[in-house]
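I have placed the structure first, in the form of structure tokens, so that the comments after it can refer back to it.
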Amino acid sequence: MDNSITEERIPWKSRIWISLADSSVAMLQTIVGGGALTYYFTRVRGLEPNLAGLVWLLFGIWNAINDPLFGFISDRTKSKLGRRRPYIRYGAPLLTLGFIFLWLDLPASQVVMFSQMLIGLFVYDILYTAIATSIYIMPYEMAVSNKARSSIFIWKIIFMIFPNVLPFVIAAIQPGPGDDPTAYRSLLIGMAIVLGLIVFSSTFFYEEKVFTQQDEQFPFLKSLKESFLNFAFVIFLVVSFTVIYIQTSLMQGVAYYFDEIMITPLPLYLGLAAGIVFGIWFWIRQRDPWGVKTCVRVWLAAFAAGCVIMLLGGKMLIPAVAGFFLIGVGFAGGMYLIPIMNGDVIDYDEQRTGLRREGMYAGINSLVTKPAISLAQAAFLWILQANGYDPLLPKGLQTAQAENGILLAWMLIPAILLTISWLTMRWYPLSGSQWDEVKQKLAVIHDEKERLALQKLHSKTAD
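In the numbering used here, the protein residues as written are 23 to 485.
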């Protein structure tokens, strides 16, 4: 059997720069989609929580149209930079401007704030979709083997420490009701400019495989249909929805939790960090012995246990540290295992259809995950309000019922979704020796396609 799949090598500069770009975009999205923006509009500027929840629901409807369309267009893009890099390079400056608009100090009326948040999210997300989807896809454009892709994902996990830590930093520095937010806004705007420059610069250090531009793609509706006929992808979507919902809910809840629950943050942060470090080591070590399917199921169970511990014991130090540790293990699993699982799903589609359709798959995945972000934001706010949370009170003055509501809004739905995903993964089909053989055959096909595409390109150049 040809073992070329095990010999793929991605230059270290390419691995680092694509990971830096991914981390930079994720930091912006952590602020916008992870709760800091909602907290700023409702707690600092005074937008009514019901209106903020409505913004997120309207925004979620837009995402149902936006993401699959971009994925389809991205798959059909042909340029000297490839199918994905043009969107990353030229979209980065515009993404920075879209982010800045969200933090401009416009008049603080309910109508103006509602409009600014809604329009800003629409504009920002168009740009975010183009860039983040392209960056997300790049490892699958750069390599086919899980070993080579893993060499990229390891760097991604390392740099993803920054967006994972960011919510805790934001929670510590963000202003509360009545505080002056000028310095806070300036800090976020300056950070956005730096991160935009990193994303732009990254595009000079990695490349896509040439052959991917040669495939003739399906029409839009057929492409959509073929994606949902991929049963492994349907299962992946269940897990993907769960992960994004949970990441959004957990990041959003951090600020509210430490505002009201009087627990020293440092032990919890150390528990979270230990969980992430242990999780990275553990999932990398067990990926091949256990296989992706088993790793994902164990990871989902550990993550669910962390959420349940926080739900029941989040007001006590030792259970909270244990919960944060398991949540850290869960975050590490999501960062490492989900991209590998997604790559297998796309590879399986290529075996079925003969085409590389990463863009369409990323677009449909966003069709599911973007509403998850909106639902997590809206559900969190509504559960808080149902439990008597008053957004205009200074930090530390909520009622006992409101404190319980924070834990309920923060952890209950994630625990349920993780359990559902754990059950669903039982039917995930891409595992075992037969799947390994399919991956080996795909590597041979890719090598041949790449050779023919380069020959065609060189012959055109010579002419």
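Glycine residues also receive a C-beta, built at the ideal position from the N, C-alpha and C atoms.
Identify, in the order they occur along the chain, each residue of the same chain with its Cβ nearer than 6 angstroms to the Cβ of residue 345, setting aside the five sequence neighbours on each side.
As a first step, residue 345 is located in the sequence shown; it is residue number 323 there, counting from the start. 328, 331, 332, listed in sequence order.
Enumerate in chain order the residues of its own chain whose CB-to-CB distance from residue 57 is below 6 angstroms, with the five nearest sequence positions on each side excluded.
Within the sequence shown, residue 57 is the residue found at index 35, counting from 1. Taken in chain order, the residues that qualify are 273, 274.
Cβ neighbour criterion (16 or more within 10 Å) applied to residue 133:
What you label residue 133 is simply residue 111 of the sequence shown in a count that begins at 1. Exposed.
Just the Cα atoms here: how many angstroms apart are residue 28 and residue 176?
On the sequence shown, position 6 is the one that residue 28 refers to. On the sequence shown, position 154 is the one that residue 176 refers to. Low confidence applies here, because residue 28 scores a pLDDT of 43, under 50, leaving its location unreliable and the question unanswered by this model.
For residue 34 and residue 363, I'd like the C-alpha separation in whole angstroms.
On the sequence shown, position 12 is the one that residue 34 refers to. On the sequence shown, position 341 is the one that residue 363 refers to. One C-alpha to the other measures close to 23 angstroms.
Is residue 408 helix, strand or coil when you go by DSSP?
Counting from 1 along the sequence shown, the entry for residue 408 is found at position 386. Correct three-state label for residue 408: helix.
Tell me the DSSP secondary structure of residue 240 in three-state form.
What you label residue 240 is simply residue 218 of the sequence shown in a count that begins at 1. Coil, per DSSP.
Between 74, 320, 281, 139, which lies nearest to residue 440 when the distance is taken from Cα to Cα?
Counting from one through the sequence shown, the residue named residue 440 turns up at place 418. Closest option to residue 440, Cα to Cα, is 320.
Do you know how far the Cα of residue 459 is from the Cα of residue 280?
Indexing the sequence shown from 1 puts residue 280 at position 258. Indexing the sequence shown from 1 puts residue 459 at position 437. The straight-line gap from Cα to Cα measures roughly 50 angstroms.
Secondary structure at residue 35, three-state DSSP: helix, strand or coil?
On the sequence shown, position 13 is the one that residue 35 refers to. Helix, per DSSP.
In whole angstroms, what separates the C-alpha of residue 323 from that of residue 444?
On the sequence shown, residue 323 is found 301 positions in, with the first residue counted as 1. On the sequence shown, residue 444 is found 422 positions in, with the first residue counted as 1. Rounded to the nearest angstrom, the two C-alpha atoms are 7 angstroms apart.
If you drop the 5 nearest sequence neighbours on each side, which residues of the same chain put their C-beta closer than 7 angstroms to that of residue 343?
Walking along the sequence shown from the start, residue 343 turns up at place 321. 289, 290, 293.
With residue 151 and residue 388 assumed to form a contact (beta carbons below 8 angstroms), what rounded beta-carbon distance in angstroms separates them?
For the purposes of this step, residue 151 is identified with residue 129 of the sequence shown, where counting begins at 1. For the purposes of this step, residue 388 is identified with residue 366 of the sequence shown, where counting begins at 1. Yes, they are in contact, since the Cβ atoms of residue 151 and residue 388 sit about 6 angstroms apart, within 8 angstroms.
Excluding the five sequence neighbours on either side, which residues of its own chain have a C-beta within less than 7 angstroms of the C-beta of residue 23, listed in chain order?
Position 1 of the sequence shown, counted from the start, is the residue given in the question as residue 23. Legend: pLDDT at residue 23 = 38, less than 50; position of this residue unreliable, value from coordinates given subsequently. Cβ neighbours of residue 23 beyond the five flanking positions: 462.
Residue 241 to residue 365 span [Cα, whole Å]:
On the sequence shown, position 219 is the one that residue 241 refers to. On the sequence shown, position 343 is the one that residue 365 refers to. Residue 241 and residue 365: Cα-Cα distance of roughly 22 angstroms.
Reference residue 107; option with closest CA among 395, 36, 425
Position 85 of the sequence shown holds residue 107. Answer by Cα proximity: 36.
Have a look at 464, 395, 334, 452 and flag the residue whose alpha-carbon is nearest the alpha-carbon of residue 426.
Indexing the sequence shown from 1 puts residue 426 at position 404. With distances taken between Cα atoms, residue 426 lies closest to 334.
Euclidean distance between Cα positions of residue 449 and residue 255
Counting from one through the sequence shown, the residue named residue 449 turns up at place 427. Counting from one through the sequence shown, the residue named residue 255 turns up at place 233. Approximately 11 angstroms, taken between the alpha carbons.
Cutting at 7 angstroms between CB atoms, please list the residues of its own chain near residue 295, excluding the five before and the five after it.
Here residue 295 refers to the residue found at position 273 when the sequence shown is read from its first residue. 350.
If distances are taken between C-alpha atoms only, which option among 285, 114, 248 comes closest to residue 505?
This structure cannot settle anything about residue 505, because the visible part of the chain is limited to 23 through 485.
Skipping 5 residues on each side, what residues in its chain have a beta carbon closer than 6 angstroms to that of residue 467?
Numbered from 1 along the sequence shown, position 445 holds the residue referred to as residue 467. So the list is empty, once near-sequence residues are dropped.
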